[in-house]
Structures are given as C-alpha cells and as structure tokens.
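In the working numbering, the protein residues as written are 7 to 347. Even glycine gets a Cβ: it sits at the ideal position worked out from N, Cα and C. What you are looking at is a predicted structure, and each value in this text was computed from that prediction instead of being measured. First up is the structure itself, then whatever we jot down about it.
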Amino acid sequence: MTLSQDLVRRLPKAELHVHLDGCLRPQTMLDLALEQGVRLPATDAAGLADALFVRHAQSLEEYLERYTITISVMQTPAALERIAYEFVQDAAADNIRYVEVRYCPALHDSDMSLIQAVEAPLAGFQRGERETGTMVRVIVSGLRTLAPKISEGLARLAVDYRTDGVVAFDLAGSELGHPATDHVAAFEYARGHGLACTCHAGEGDGPDSIRDALHVCGAQRIGHGTRLFEDPDLEDEVLSQGVPLEVCLTSNVHTHTVLEIGEHPARRYLDQGGVVTLNTDSRLMDRTTLSQEYWLAHQALGLTRAELEMVILNGFRSAFLPDTEKAALVAQIERELREVR
Ligand SMILES: [Zn+2]
C-alpha cells in the first residue's frame, strides 16, 4: 500500500548519523560570513545552497571538499552556538525526537580553544532541546586524515564532556588509504572511559574497513556499512549479531557508493534481519531531510509502514543512551506510532 508523504513525515523519528557542519542554513552562513569577513562561493541563499549541493560527486573525497566551505564560517563560539541551536530547531521541524549529532572540534579551533569548540555547540544544543523537546546528544568525530595523536586528544575531550551530553566517539573523513586501525588508541581511550563508539566504514572503502572498525576499534555501530555485502561471512556476522547500521541513502548516491537508491543494499540487510537505521548524513550537502529519506525508502526500496516503523524503532533502540532512559523513550515512541494515521 502506498503511504502519503505527509504520513511518513508525521512519524516520530530518531537520527543517529548527521554532521553538524553539513546542516547549516544558507542564510545563516551568509550572515556569519558578513560578520566574520569570510568569502563564500555565492552571495545569496539559493546560490549558496546550489554551490554546496553535491549532486554526483565522483568520490567520497569530492563530497568532503564541500565541508571546508561550511567550516569556514564555524570558527567563533557565537557562530557554533547559533548553528547548533538552529540545527535542533530544524530537526524538531522534521519531527525528529532524538538526534545524535557529530562533528570534529579540531576543525574549529583556529581562533578558539578546543574547550570552546565543545562548550559553544553544547550550549546551542541545550537551548534548542529546552525549546523544542527534541533530545540531542553529541558524538565527537576524529578524522582519518588527521594524526592519530589528534584523535586521541579528541577522545579525551569527548570523555571530559560525557556528563554534559557527549555520548560517543566516531572516526570520519576520507576512508580509502586511511585505516581506522591507525586511530585505535583513541577508540580504546573512549571505550575505556565509558563512551560508546561508532565508526564510518564501508562507504569509501570495502568490507575490510568494516572489519577493522568492529574487531580492532570496537565500534558498536557502523556509519554507513554500505559495502558489507561484498564479504558474505562478515555480512552474516554483522547482521546476525544485530550491529546497527547507520544507513544514509541519498548521501551514498552522492558519493557514488551506490548508483541509485533502488539498488541500495539496505533492503537486503533489512530482509536478512539486520538492524538498519535511516539517517541524512547532511541536510545541506545532500539536500534532504530525515522524512525525505524515509519517504525514499518507502518509494524506492518498497519499505512498508510496518518496516518503516521497525527502522524508526531501530533508531531509538540503537541510541547511545542509558538503558532505562532508552526504554522509556522507546515505549513513548511505540505509543505515538500507533496513533499516527
Ligand atoms: Zn557521515
């Protein structure tokens, strides 16, 4: 049965994989660029949105280049607070009830301290959470292309803020030729101090990268995991053990990881009992919303309402929250899902 796009939008959702520096409002970027004397590739909001939209990058690397533009206006505490606050407002408007948002503080410390680069967004997230009711938690990302020592410093920073809303450590950035195993000390520090771990893998590189993330780095979820099917043994292991996959359909088309959404292996992973979650990766560069990703899953991958609800609950159940807090949230969402008509 075909669902309406409006009904899909009204389903309450969780998002586990989204980059703060991929979700700026174009008009906010223009305001901040003016205040800060930064040059942007366009002088109006529509032109800027176009310049940042990655239609069909040839690779993950080409896709990642767009982020240097958003990061150029994210270099003051006030800018970070505003961007974080607006991020929550936009999430709430898309009916997102719980979001784990990630970014790399080390990309924002040219004119401020790393501490400010964590505290300013936290203040914005908390202001947004208070006003909208959408729960926000933070994942600190290290980058594969930065020195492992920097990742270790970021893991320490993440641990220092684990009572203030930081729930996990992640590794992002150019995957091919930059193995996660180089950053194992950062993962060990995070895990050893009570933080959860996720890791981008199986997007710009193959199943061995997913294997490293799980077996060497101890990741509890996998960012993307798109290319998991290339190794049937690993696929069987990941799906049967219920390792959550942070799937980003539109982003995977834009990075050329899959040719079109209809060919995305998320359908196959779901059919085999895998814990698939749906996410945007970025709203600005991928020109999407979480509701749009669910709509695409319904339209292009044929997910039924029952399957969409299962994916929604997978998102809440895979959250890096304490068990009791998570159980209450899941029970509330189960009740709300029954009421959406
Ligand atoms: Zn990502």
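Assumed close pair residue i, residue j - CB separation to whole angstroms, cut-off 8 Å
i, j, result
"residue 204", "residue 229", "6 Å"
"residue 281", "residue 250", "4 Å"
"residue 21", "residue 279", "Not quite, the Cβ-Cβ distance comes to about 22 Å (not below 8 Å), so this is no contact."
"residue 94", "residue 131", "6 Å"
"residue 38", "residue 79", "4 Å"
"residue 33", "residue 51", "5 Å"
"residue 343", "residue 315", "5 Å"
"residue 261", "residue 65", "7 Å"
Cα-Cα separation between residue i and residue j, rounded to whole angstroms
i, j, result
"residue 292", "residue 252", "16 Å"
"residue 170", "residue 8", "42 Å"
"residue 349", "residue 319", "Because the chain is modelled from 7 through 347, residue 349 falls outside the range shown and cannot be assessed."
"residue 332", "residue 108", "19 Å"
"residue 175", "residue 146", "5 Å"
"residue 349", "residue 44", "There is no way to answer for residue 349, as the model of the chain reaches only from 7 to 347."
"residue 296", "residue 143", "17 Å"
"residue 239", "residue 200", "30 Å"
"residue 237", "residue 220", "14 Å"
"residue 117", "residue 72", "21 Å"
"residue 92", "residue 182", "33 Å"
"residue 232", "residue 299", "15 Å"
"residue 190", "residue 215", "13 Å"
"residue 57", "residue 290", "10 Å"
"residue 323", "residue 63", "33 Å"
"residue 28", "residue 128", "17 Å"
Boundaries (first-last residue) of the beta strand (DSSP E) holding residue i
i, result
"residue 147", "141-149"
"residue 25", "19-25"
"residue 108", "102-109"
"residue 176", "172-178"
Delimiting residues of the alpha helix (DSSP H) encompassing residue i
i, result
"residue 190", "190-198"
"residue 15", "11-16"
"residue 267", "Run containing residue 267: none; DSSP gives neither H nor E here."
"residue 244", "238-246"
"residue 50", "Unbroken run through residue 50: none, as it is neither H nor E."
"residue 86", "83-99"
"residue 253", "Element bounds for residue 253: not the alpha helix (DSSP H) but the beta strand (DSSP E), 251-253."
"residue 185", "No alpha helix (DSSP H) contains residue 185, which DSSP labels as neither H nor E."
"residue 135", "120-138"
"residue 64", "Segment: none, residue 64 is in no alpha helix (DSSP H) and carries neither H nor E."
"residue 41", "32-42"
"residue 161", "154-166"
"residue 76", "73-77"
Whole runs of the alpha helix (DSSP H) within the segment 202-227, excluding any shorter than 4 residues = Qualifying alpha helix (DSSP H) stretches, in chain order: 213-217.
Decide yes or no for the touch test of the segment 133-140 against the segment 162-170: beta carbon pairs closer than 8 Å, at least 3 of them.
-> Not touching, per the Cβ criterion.
Whole alpha helix (DSSP H) elements within the segment 271-344, 4-residue minimum | List check, alpha helix (DSSP H) in window: 272-277, 296-307 and 311-323.
With a cut-off of 8 Å, do at least 3 Cβ pairs link the segment 273-287 to the segment 78-96?
-> The segment 273-287 vs the segment 78-96: no contact.
Spell out a yes or no on whether the segment 172-186 and the segment 149-162 are touching, meaning 3 or more CB-CB pairs, one atom from each, closer than 8 Å.
-> Flag = yes, the segment 172-186 and the segment 149-162 touch.
Is the segment 153-160 touching the segment 103-123 in the sense that three or more CB pairs, one from each, lie closer than 8 Å?
-> Three or more Cβ pairs drawn from the segment 103-123 and the segment 153-160 lie within less than 8 Å of each other, which places the two stretches in contact.
Are there three or more Cβ pairs, one per stretch, closer than 8 Å when the segment 307-318 is compared with the segment 262-278?
-> Segments in contact, yes.
Please determine if the segment 8-21 and the segment 232-247 are in contact, where contact requires at least 3 C-beta pairs separated by less than 8 Å.
-> Here the segment 8-21 does not lie against the segment 232-247, with fewer than 3 beta-carbon pairs under 8 Å apart.
Stretch pair the segment 180-195 + the segment 205-215: three plus CB contacts closer than 8 Å = Pairwise C-beta distances place the segment 180-195 in contact with the segment 205-215, as three or more of them are shorter than 8 Å.
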